[in-house]
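Undergrad: In terms of my numbering, the sequence shown is residues 2 to 159.
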Amino acid sequence: MKKVDILILLLIVGVMSCSEEIEPTPYTYSQIFSGKEKKTWVFESIILWEEGKSDFSYTLTSCIRDDQYIFYADSEKKYEVTNGATKCASGEPDLLITDTWSFINGGATLTIILPFLSDTPLPYIVREVSNTDMLLEIFIDQENTQSYRIAFKSTGTN
């Protein structure tokens with residue numbers, strides 16, 4: 002009887018000692034925005050959509066078009082907007098914004114600051130996103146009949 006008890010005890014200890022250490026990994030959908038460490042996006046286009054009308058494409062100045070939007074994969078979800086090669090003013094800093102970003106999967110909502118639209122974080126609907134392209138939308142009226150659709154292209158990840 003003692004041999005059976007010892008054998009059962011050894012089996013339990015053996016099974017428990019063979020367990021693999023679990024390492025948490027970030028939710029992979031967030032990595033579409035941030036990569037594994039950080040990911041840089043650049044502005045591609047902005048369109049005013051209005052129900053029943055033709056789309057209107059805005060042309061932003063080159064000093065805004067070449068800005069870089071950097072999403073970090075750290076626990077704080079740091080977000081930066083940096084100046085590109087062309088600055089809008091001679092004394093403008095290289096780093097325009099340091100803030101955080103958030104993504105809510107249930108509503109497909111990405112909350113960030115886009116300095117050419119607002120100085121505060123706004124919730125943008127993620128209409129499309131892939132490893133290389135992102136299309137955001139924000140409605141500008143209560144009836145949801147007008148919106149801005151902003152397209153970005155990824156320049157790479159780190």
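For each residue, glycine too, the CB sits at the ideal point set by N, CA and C.
Source: prediction; values computed, not measured.
State the DSSP-derived secondary structure class of Phe117, mapped to helix, strand or coil.
TA: coil
Undergrad: Rounding to the nearest angstrom, what Cα-Cα distance links Asp95 and Leu115 in this structure?
TA: As the crow flies, the alpha-carbon of Asp95 is around 16 angstroms from that of Leu115.
Undergrad: Pull up the distance between the alpha-carbon of Thr99 and that of Ser148, whole angstroms please.
TA: 26 angstroms
Undergrad: My output table needs one value for Gln32: the three-state DSSP class, helix, strand or coil.
TA: helix
Undergrad: Going along the chain, which residues of its own chain have a beta-carbon closer than 7 angstroms to the beta-carbon of Phe117, five neighbours each way excluded?
TA: Leu61 and Ile65
Undergrad: Assuming contact is defined by CB atoms lying nearer than 8 angstroms, are Leu97 and Phe104 in contact in what I supplied?
TA: no
Undergrad: Checking the sheet assignment: what are the DSSP bridge partners for Lys37?
TA: In DSSP, Lys37 forms no bridge with anything.
Undergrad: Three Cβ pairs or more, each shorter than 8 angstroms: is that satisfied between the region 40 to 55 and the region 65 to 76?
TA: yes
Undergrad: Any chance the region 126 to 142 sits against the region 77 to 86, with 3 or more Cβ pairs inside 8 angstroms?
TA: no
Undergrad: Considering only C-alpha positions, which residue in the set Ile113, Asp75 and Ser63 is nearest to Ala90?
TA: In terms of CA proximity to Ala90, Ser63 leads the group Ile113, Asp75 and Ser63.
Undergrad: What does Pro124 pair with, by DSSP beta-bridge criteria?
TA: Thr112
Undergrad: Taking a contact to mean a Cβ-Cβ separation below 8 angstroms, would you say Ile48 touches Ser55 in this structure?
TA: For Ile48 and Ser55, no; Cβs fall outside 8 angstroms.
Undergrad: Is it buried or exposed for Gly157, if we count other Cβ within 10 angstroms and need 16 for buried?
TA: Gly157 is exposed by the Cβ-count criterion.
Undergrad: Using only the alpha-carbon positions, how far apart do Ser119 and Ile139 sit?
TA: 12 angstroms
Undergrad: Hey, could you find the ends of the beta strand (DSSP E) Ser103 is sitting in?
TA: Ser103 to Ile105
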